[in-house]
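For our numbering, add 13 to where a residue sits in the sequence shown, where the first one is 1. We put the CB at the ideal spot given by N, CA and C, even for glycine. Source: prediction; values computed, not measured. Note sheet for the following structure.
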Amino acid sequence: MIKMKSPVLIIFILLVSFNAIAQQPKPLLSLADSSLHVFVGGKIRTTMLMSNKRTFPSGTAFLLLPKDATGEESSFDLNSRSSSLYFALDGPKVGDFKMSGMMFFMLTSNVTSETYGILPSLLYVDLKNDHWRFAFGQQMDVFAERIPNMIDSYFALASSGCAGNSSRGQIRAERYFSVGKKGKFSLTAAASEPITSYFSPDLRNNTADNGMPNVEWAAKYSSGKDAAAWVPYDNLELAVSGVSGSYRVFKNDINGNNIRVNHPQVFGIAGEYAFRFGKRFGIQGEVYNGKALGNYAATIFQTTKGDFDKEIRSTGFWTELAFYWKKSLQTRVGYGQDKCNESDLMGLGIFQNSTLFGNLIWDINQSFQIGAEVSYKQTDYLAPLKNNQGITAMLMAQYKF
Numbered sequence: 014m015i016k017m018k019s020p021v022l023i024i025f026i027l028l029v030s031f032n033a034i035a036q037q038p039k040p041l042l043s044l045a046d047s048s049l050h051v052f053v054g055g056k057i058r059t060t061m062l063m064s065n066k067r068t069f070p071s072g073t074a075f076l077l078l079p080k081d082a083t084g085e086e087s088s089f090d091l092n093s094r095s096s097s098l099y100f101a102l103d104g105p106k107v108g109d110f111k112m113s114g115m116m117f118f119m120l121t122s123n124v125t126s127e128t129y130g131i132l133p134s135l136l137y138v139d140l141k142n143d144h145w146r147f148a149f150g151q152q153m154d155v156f157a158e159r160i161p162n163m164i165d166s167y168f169a170l171a172s173s174g175c176a177g178n179s180s181r182g183q184i185r186a187e188r189y190f191s192v193g194k195k196g197k198f199s200l201t202a203a204a205s206e207p208i209t210s211y212f213s214p215d216l217r218n219n220t221a222d223n224g225m226p227n228v229e230w231a232a233k234y235s236s237g238k239d240a241a242a243w244v245p246y247d248n249l250e251l252a253v254s255g256v257s258g259s260y261r262v263f264k265n266d267i268n269g270n271n272i273r274v275n276h277p278q279v280f281g282i283a284g285e286y287a288f289r290f291g292k293r294f295g296i297q298g299e300v301y302n303g304k305a306l307g308n309y310a311a312t313i314f315q316t317t318k319g320d321f322d323k324e325i326r327s328t329g330f331w332t333e334l335a336f337y338w339k340k341s342l343q344t345r346v347g348y349g350q351d352k353c354n355e356s357d358l359m360g361l362g363i364f365q366n367s368t369l370f371g372n373l374i375w376d377i378n379q380s381f382q383i384g385a386e387v388s389y390k391q392t393d394y395l396a397p398l399k400n401n402q403g404i405t406a407m408l409m410a411q412y413k414f
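Next up, the structure:
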């Protein structure tokens, strides 16, 4: 991980890279294999968050912290941590397959940190033809892949009903089928990294994989694109997806002697949808159910509880309405909710989290975008922690190259 001491340095590097490309109308890289093309792009994105209640983490409102008895709960954050840089590789051909690759980096150390750095989000290579796609590397979850269009690209209703959308090491295979003149049906299966190993400072509670990958799958149908539509959905999009797996938790005593080994089971299933009515109006969303899904941005980031690591069960959903005033000006209004099984929390934890939001996003031109969003959040805790409700407002300016 590379730590940046100042956001000015990040912006300077991105601007220098952009100017170099703009001044030289030649390929970014000169390679011996002329069939391989490399493209570079990115965005400089600045966001400002104002809230009458403290959010977690600061500047990204996954949830609200418990109500503070002091009443001094307002917060403010201004940063460019959601800026990014990508490199896309296209070619060469391998038999009947076209080879390509993607390297996508977020300019932050991680999504809950206020520091700058380099976070590799996508690093993969794929082989694709009209019927198959094989990919390996760091990729987005196959499980519950749909995401709302919000100002905060980190948040996107994670812990408020939107599961998945994290990235992890993965090997996947996809099969495509044509349905009618424009329709498309696909099946996807993947083996993915189950969990990041963790060793507590006192070595009493250690987490590791179970010797096997998680299995993710999806079946998707889309009816075909309409070039005249402003909303970027097909007339109909439907999908069902799932994930299953397990990992190990080693419970040791104070002397490092093992007491027991627990094997939490991970399971999730999700249904996703999108509809478009004319060229201006659309609806999308998802619903999920599962257990121990904290590693998949669900269950309000809670996974297990107690000495025996009992899995926390949860359900969640979100829906979003899209309306385009014109091709470059859109409004999104949505609601999402995550709810855990109260008995699984064993008397302490976050029971429910929800977000209602509305925004206005304007593409001034192909490079520059601005937006504003207002949301109402409610986070419910089990006693003795106090529930909290609040309003957040976010402004965004983005330069894309």
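Excluding sequence positions up to five away, which residues of its chain have a Cβ less than 8 angstroms from the Cβ of residue i?
| i | result |
| --- | --- |
| Met225 | Pro207, Gly258, Ser259 |
| Asp400 | Strictly speaking, residue 400 in this sequence is Asn, with Asp absent from that position. If we look at Asn400 and ignore the five residues flanking it on each side, its Cβ neighbours are Pro79, Lys80, Gln391, Thr392, Asp393, Tyr394. |
| Ser180 | Ser134, Leu135, Gln151, Gln152, Met153, Asp154 |
| Glu355 | Phe364, Leu395 |
| Ile267 | Asp215, Arg217 |
| Ala310 | Ala171, Ser172, Cys175, Ala176, Gly177, Asn178, Ser179 |
| Cys353 | Thr312, Ile313, Gln315, Ile325, Arg326, Ser327, Gly362, Ile363, Phe364, Gln365 |
| Asn227 | Ala204, Ser205, Glu206, Pro207, Val256, Ser257, Gly258, Val279 |
| Val107 | Leu140 |
| Ser358 | It is worth fixing the name first, because residue 358 is Leu in this sequence and not Ser. Closer than 8 angstroms at Cβ, skipping near neighbours: Gln315, Lys318, Ile325, Phe364, Leu395. |
Kindly indicate the opening and closing residues of the beta strand (DSSP E) around residue i.
| i | result |
| --- | --- |
| Trp243 | It is not in any beta strand (DSSP E) - Trp243 carries neither H nor E in the DSSP assignment. |
| Gly104 | 97 to 107 |
| His144 | Element bounds for His144: n/a, residue is neither H nor E. |
| Lys197 | 196 to 205 |
| Gln382 | 381 to 394 |
| Thr209 | Per DSSP, Thr209 belongs to no beta strand (DSSP E) and is neither H nor E. |
| Cys353 | 342 to 353 |
| Ser367 | 363 to 376 |
| Val192 | 180 to 192 |
| Leu120 | From DSSP, Leu120 is part of no beta strand (DSSP E); its letter is neither H nor E. |
| Ala406 | 401 to 413 |
| Val312 | Correcting the residue identity first, residue 312 is Thr in this sequence and not Val. Element bounds for Thr312: n/a, residue is neither H nor E. |
| Phe336 | 326 to 339 |
| Gly255 | 249 to 265 |
| Glu127 | No beta strand (DSSP E) contains Glu127, which DSSP labels as neither H nor E. |
| Ala169 | Counting along the chain, Ala169 falls outside any beta strand (DSSP E), and DSSP gives it neither H nor E. |
| Glu221 | Reading off the sequence shown, one finds Ala at residue 221, where the question assumed Glu. Element bounds for Ala221: 218 to 222. |
| Ala232 | 227 to 235 |
Give every residue of the same chain whose Cβ lies closer than 6 angstroms to the Cβ of residue i, excluding the five residues on either side of it in the sequence, and list them in chain order.
| i | result |
| --- | --- |
| Phe314 | Ser172, Gly307 |
| Ser30 | Since pLDDT at Ser30 reaches only 42, below the 50 mark, its modelled position is unreliable, and the value read off the structure follows with that caveat. The answer is none, since no qualifying residue turns up. |
| Gln402 | Gln391 |
| Lys264 | Ile272, Arg273 |
| Leu98 | Gly55, Phe118 |
| Met409 | Thr60, Ile164, Gly384 |
| Lys304 | Phe280, Glu324, Arg326 |
| Lys413 | Lys56, Ser380 |
| Phe190 | Phe198 |
| Gln411 | Lys56, Arg58, Gln382 |
| Lys195 | Gly237 |
| Asn65 | Ser87, Gly403, Ile404 |
| Ala406 | Met63, Val387 |
| Glu229 | Val155, Phe156, Ala203, Ser205, Val256 |
| Val192 | Phe198 |
| Pro100 | Per the sequence shown, residue 100 should be read as Phe rather than Pro. Same-chain partners within the cutoff: Val53, Met116. |
| Tyr234 | Phe198, Leu251 |
| Met269 | The sequence shown places Gly at residue 269, rather than the Met named in the question. The answer, listed in chain order, is Leu216. |
| Arg345 | Asn162, Glu333, Ala335, Asn372 |
Keeping to the same chain, check which residues put their C-beta closer than 7 angstroms to that of residue i; ignore five residues upstream and five downstream.
| i | result |
| --- | --- |
| Ser71 | Ser88, Asp90, Glu127 |
| Pro105 | Asp46, Ser48, Leu49, Met112 |
| Thr73 | Val124, Asp165, Tyr167, Phe168 |
| His276 | Asn223, Ser259, Arg261 |
Between residue i and residue j, how many whole angstroms is the CB-CB distance? I'm expecting something under 8 angstroms.
| i | j | result |
| --- | --- | --- |
| Thr332 | Gly298 | 4 angstroms |
| Val155 | Ala203 | 5 angstroms |
| Asn219 | Phe212 | 5 angstroms |
| Arg94 | Thr121 | 4 angstroms |
| Leu77 | Thr68 | 6 angstroms |
Establish whether the CB of residue i and some CB of chain B are separated by less than 8 angstroms.
| i | result |
| --- | --- |
| Ser341 | No chain B appears in this structure, which consists of one protein chain only. |
Flag residue i as yes when its Cβ comes closer than 7 angstroms to any non-hydrogen atom of the ligand ZN, and as no otherwise.
| i | result |
| --- | --- |
| His50 | Of the ligands one can find in the structure shown there are none, so the ligand ZN has no counterpart to examine. |
> Does the count of Cβ pairs from the stretch 242 to 254 and the stretch 282 to 292 closer than 8 angstroms reach three?
Replying inline: yes
> Does the stretch 152 to 168 come within contact of the stretch 359 to 376, defined as at least 3 CB pairs closer than 8 angstroms?
Replying inline: yes
>> Give the list of continuous beta strand (DSSP E) stretches no shorter than 3 residues that lie fully inside the stretch 270 to 299.
In response: 271 to 275, 278 to 290
> Quick one: any contact between the stretch 135 to 152 and the stretch 109 to 123, if contact means 3 or more CB pairs under 8 angstroms?
Replying inline: yes
> Quick check: the stretch 138 to 153 against the stretch 180 to 198, are there 3 or more CB pairs under 8 angstroms?
Replying inline: yes
> What are the complete beta strand (DSSP E) segments, minimum 3 residues, inside the stretch 46 to 97?
Replying inline: 50 to 64, 88 to 92
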